[in-house]
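Inspection log for the structure reproduced underneath, given as structure tokens.
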Amino acid sequence: MSPLNDAAAFHTVLPSTLGDAMLWLMVPSITSIMVVAAFVFHHIRHQDDLKRKKAAHRCTAAPHFGHGLNLADVTNPSTSIAFNSRTPIPIDTPLFEGQAHVLVRNPDGDSHWDPLFEGKRRTIWVMVQGTFKRAPRGTVYVAGELPRSMQLTFWAKTLVSMMITSAQTLMGSMHFSFGDDTESPHVALPLYQSADTMIATPQDEVPPKLGTAQWDETAAQRAARKRTPVGTECFRTDMVYSFQFHTMHVDLPSWSIVNLPGIQDVSLKSFLGDMSLRLGVYEHVDTAPSLAHATKDYCFCFDISSSPAPPPLDKLDLPEVDFDAWMWLEHFDAATGLRPVSYLFRVLQDDMCSAKTVVVSSNALAAVLAVDSPADASALLTRARREHYQALDEQTVDVNRQLHAIAAHGSDAAKRELVLCLASAAALPSMDVSAKAMGVNVWRWDLNVCREGSGYRVVSDTFLRHEYLVLTSTDVLLYRTYASTPAKKVPVNHITDVTTRLINDMPVVGIHTWTDVVYVHVADPDAWKDAIVAASERSSVLTSSVSLKALNLQCWTPFNVVTYEGQLVLNSRKLVGSPSDDSTATADPIAVAMACVDAGLSVWSSRARRLEFARATQALRLVDLAALDTPEKKLVFLLNVYQALLMHATLVLPRLTTTAMHQCAYELGLQKLVLSLAEIEHVLLRAAAPQLGHVPYLDFVPDAAAYPAAFGLLALPHRDFRVSCALHAHRAHKHLVVYSVDGVHAQLSDVVGTYLRQHVRVAGPATVTLPVVCKWYQVDFGHQILRKTMGFLADDTIAAIQDVADHPKFALEFRDSTTARPSPQWMPLGA
């Protein structure tokens with residue numbers, strides 16, 4: 001068809017349709033703006049689709065209102081909102097704060113809102129009330145928009161432009177655009193002059209009640225407001241503005257244009273296709289009337305769409321909906337810069353086997369609770385702050401309890417709201433957020449960044465937080481929003497394993513370290529896994545001088561490592577969402593303990609060795625301690641476990657404090673004994689030795705008599721003065737020995753002898769110095785302390801001691817003589 005014929009064909013449809021659209025354009029009221037937008041875009045699409053002869057058709061209303069009809073908040077996508085909700089929709093943007101109702105005439109009837117529509121033909125009714133956070137600098141418009149632009153032919157664009165120009169001659173304040181790379185397709189009118197009703201109320205007075213029809217704007221006041229020249233109106237920050245607009249020409253349940261004289265009802269789908277329709281109010285600074293509405297500061301923007309309907313509500317067995325609130329979520333809203341709270345629900349699917357994760361905003365939950373208990377709804381915390389974290393954990397439990405009570409015993413209206421809320425299967429908010437948008441300052445030139453992006457970190461088993469991830473050549477850094485320092489820092493040389501898995505149906509990358517597992521939900525877990533593995537392999541040749549930041553051991557959560565009354569159990573983790581993967585098979589406890597020390601000797605050589613050590617220590621939980629049926633077996637097992645735990649603690653902490661000796665622990669055996677370094681030595685290895693009053697490397701000495709009888713399973717039945725001295729030698733010089741049953745006594749003597757030969761000195765004609773450890777454990781040596789230590793010394797040292805021992809002023813002093821610095825790494829004895 002030629003261009004001229006195109007034009008002629010286009011004009012043939014004008015008398016029956018566009019004329020009425022032009023009539024609505026000339027009415028200075030917002031009641032027609034959605035019709036204007038729909039008809040303009042109808043003619044655009046009609047001209048482009050003439051060859052396909054796409055005929056409009058009548059669309060019947062859905063049998064159940066609400067199904068397939070969706071309302072979304074464009075400025076706050078994570079917020080779940082709905083038509084005809086009993087509680088107002090919250091609005092919170094940088095420009096405007098308030099509440100709104102988006103009401104639609106319900107073909108099935110609505111006992112709450114039907115009285116409001118009685119005697120009126122309107123089908124959509126929008127009420128808004130709120131205050132401006134700042135005085136608008138430009139004109140505030142109300143607009144009907146489409147989410148994306150269309151490709152138009154030259155003739156279609158020319159003809160519609162001519163008609164819009166004619167309309168703008170009659171209504172100079174109207175702004176229209178086909179849409180392009182800078183702005184969306186829209187028809188916009190000034191809010192102040194176009195609202196059906198607008199009332200400004202001082203903040204110290206009572207504004208009109210939202211959700212009622214009694215708004216007292218007289219006809220004279222309305223006429224004076226509509227005659228106000230555009231640009232001279234003034235919106236103040238100390239006033240509450242209540243405005244509304246409505247129309248009888250758009251029926252959303254049937255997704256149709258209706259009630260137009262001489263025109264058959266037309267489906268919106270026939271000219272919008274699969275696009276939604278947006279209704280928004282925004283500020284635009286009019287530097288020139290012809291400029292695009294590209295830069296907008298929204299008061300609000302609601303997206304209205306229609307999709308295939310799910311099963312009717314009356315076919316759902318409301319009390320049988322199986323759900324569980326398992327986490328609360330702190331996410332970042334880029335539009336408002338706030339941290340709203342949402343909740344993650346597991347909803348059992350129809351197959352009764354799988355569960356789907358649904359994200360529900362706290363505002364949506366408040367709407368559910370408000371049906372039967374408005375007081376509970378008003379008490380909900382809706383924004384995340386550090387000081388509220390504990391309260392939000394408790395609120396998650398409470399919300400779960402209240403919703404299950406509604407499902408079991410609530411009113412029909414409350415049950416209906418609950419099912420609709422859970423049926424709106426929303427995904428997690430977008431992870432495509434830049435560091436700048438999240439307010440995170442990343443010093444890239446100083447960090448050697450390998451990969452970065454936003455994600456959601458599982459902070460605890462009830463808390464998910466939106467954070468910004470940065471992988472550098474040395475660390476994995478996780479930043480909370482509006483932060484310049486990371487909330488968590490994981491050195492890559494502390495990473496023992498990197499995995500991907502599902503927590504329920506949420507894919508995560510798991511970063512395993514010495515003490516915890518950091519789970520992060522990211523857009524591409526496999527890509528992050530590969531990048532972190534590559535970074536950790538590049539850092540395999542490192543020393544233990546690179547330590548984690550000092551840790552507060554009282555703050556470990558159950559998600560990271562299992563805590564037992566303040567103890568940090570280094571060989572036990574609680575993995576969220578699934579039972580433990582540990583094998584139920586048991587192994588020889590001696591072999592497992594020896595494997596722990598053996599793996600520790602090469603723990604810094606590679607990530608694979610770190611993983612091997614972590615798995616070896618976790619295997620200690622699976623052994624049967626009853627198999628240690630001789631004193632030698634108990635001695636060998638405890639000496640090896642002590643060394644493994646000692647080394648594990650020094651890998652985790654920058655230095656081994658007196659508190660850490662009590663708090664760092666292992667869980668041992670099927671008997672689940674939890675033992676710290678202090679308890680292994682003073683409750684088990686020294687069970688038959690005299691009780692010590694005080695030693696400087698402990699906060700206190702555990703009293704073996706105060707422990708349950710279960711600990712007696714591992715207690716040594718005899719005393720050995722070499723044991724405590726050997727343990728001190730391991731602590732002081734970072735020397736490891738893989739003790740064996742056959743050679744344990746020779747190995748103990750070798751360790752003690754090596755240590756004493758470094759410290760025992762003849763310090764003058766009448767003085768012999770022994771290491772300080774001999775003074776700590778003098779009760780173990782008895783009165784023969786010098787004779788017992790001489791049995792471990794070299795022949796020349798023994799001869800020198802014998803020469804001075806008979807001196808009349810002979811004295812025995814206790815001090816450490818060596819000045820050698822301990823090794824930065826754990827090494828085998830004699831290396």
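Going letter by letter, the sequence shown gives residues 1 to 831 in UniProt numbering.
Ideal placement from N, C-alpha and C gives every residue a C-beta, glycine not left out.
Over what stretch of residues does the beta strand (DSSP E) that includes residue i continue unbroken?
i	result
D92	89 to 92
H101	96 to 104
K176	Residue identity differs from the one stated: residue 176 is Phe in this sequence, not Lys. Per DSSP, F176 belongs to the beta strand (DSSP E) from 175 to 177.
L478	475 to 480
Q668	Correcting the residue identity first, residue 668 is Leu in this sequence and not Gln. Residues 664 to 668.
E205	Taken as a continuous stretch (DSSP letters only), E205 belongs to no beta strand (DSSP E), as it is neither H nor E.
I304	297 to 306
Y241	239 to 247
E813	811 to 814
D497	495 to 503
Since residue i sits in a beta bridge, which residues does DSSP pair it with?
i	result
residue 848	With the chain represented from 1 up to 831, any question about residue 848 goes unanswered, as that position is not in the structure.
G743	Note: G743 sits in no beta bridge, so no partner.
V674	E667
W328	Y343, F463
A143	A188, G280
K489	L477
I257	V250, V266
S80	A72
H521	Y456
P696	According to DSSP, P696 bridges with nothing at all.
With 8 Å as the threshold, decide whether the Cβ of residue i is near any Cβ in chain C.
i	result
P107	Among the protein chains of the structure shown there is no chain C, as only one such chain exists.
Judging by CA-CA distance, which residue of the options is the nearest neighbour of residue i?
i	options	result
T630	V741, I91, D376	V741
residue 896	T515, V683, L329	The shown model of the chain, from 1 to 831, leaves out residue 896, and the question about it has no answer.
T123	D110, R105, F245	R105
V517	D796, F176, V490	V490
L403	H388, S373, L392	S373
F323	T87, G211, T357	T357
A407	T396, V419, V397	V419
L611	H682, L568, V533	V533
L348	A423, E145, Q221, Y389	A423
K634	V250, V569, L716, M594	L716
L770	K788, R815, V779	R815
Y298	H759, L668, E283	E283
K508	D524, H494, W514, N493	According to the sequence provided, residue 508 is Val. The question's Lys does not apply to it. Nearest C-alpha to V508: D524.
T247	I590, D196, P208, T212	D196
Assuming residue i and residue j form a contact by the criterion Cβ under 8 Å, report the distance between their Cβ atoms to the nearest whole angstrom.
i	j	result
A100	V142	Not confirmed; about 13 Å, so no contact.
Y343	L365	7 Å
G753	F792	4 Å
P147	R278	6 Å
C450	L477	About 11 Å separates the two Cβ atoms, so there is no contact after all.
V652	L570	7 Å
V206	T139	That pair is no contact at about 29 Å.
R339	R383	6 Å
Over what stretch of residues does the alpha helix (DSSP H) that includes residue i continue unbroken?
i	result
G600	589 to 600
Q129	Careful: Q129 lies outside any alpha helix (DSSP H), inside the beta strand (DSSP E) at 124 to 132.
C450	Segment 449 to 460 is the beta strand (DSSP E) holding C450; no alpha helix (DSSP H) there.
K356	Per DSSP, K356 belongs to no alpha helix (DSSP H); it is in the beta strand (DSSP E), 355 to 361.
E612	607 to 618
R401	389 to 409
T515	Looking at the DSSP string, T515 is not in any alpha helix (DSSP H), and its letter there is neither H nor E.
E632	631 to 652
Q567	Segment 567 to 569 is the beta strand (DSSP E) holding Q567; no alpha helix (DSSP H) there.
I785	785 to 790
L422	412 to 423
L381	Careful: L381 lies outside any alpha helix (DSSP H) and carries neither H nor E.
L116	114 to 117
Is the beta carbon of residue i within less than 7 Å of some heavy atom of the ligand GTP?
i	result
Y192	The ligand GTP is not among the ligands present in this structure, which contains no ligands whatsoever.
Stretch pair the stretch 102 to 117 + the stretch 231 to 241: three plus CB contacts closer than 8 Å: no
Check whether the stretch 466 to 483 touches the stretch 498 to 507, counting contact only when three or more Cβ pairs, one atom from each stretch, lie closer than 8 Å. no
Would the stretch 753 to 772 count as touching the stretch 672 to 691 if we require 3 or more Cβ pairs under 8 Å? no
Can you find at least 3 beta carbon pairs, one from the stretch 733 to 749 and one from the stretch 628 to 648, that sit closer than 8 Å? yes
Decide if the stretch 743 to 751 is in contact with the stretch 714 to 729; the criterion is three or more beta carbon pairs, one per stretch, under 8 Å apart. yes
Are at least three pairs of beta-carbons, each pair with one atom in the stretch 71 to 91 and one in the stretch 183 to 193, less than 8 Å apart? no
Check whether the stretch 591 to 600 and the stretch 612 to 619 are in contact - that is, three or more C-beta pairs closer than 8 Å. yes
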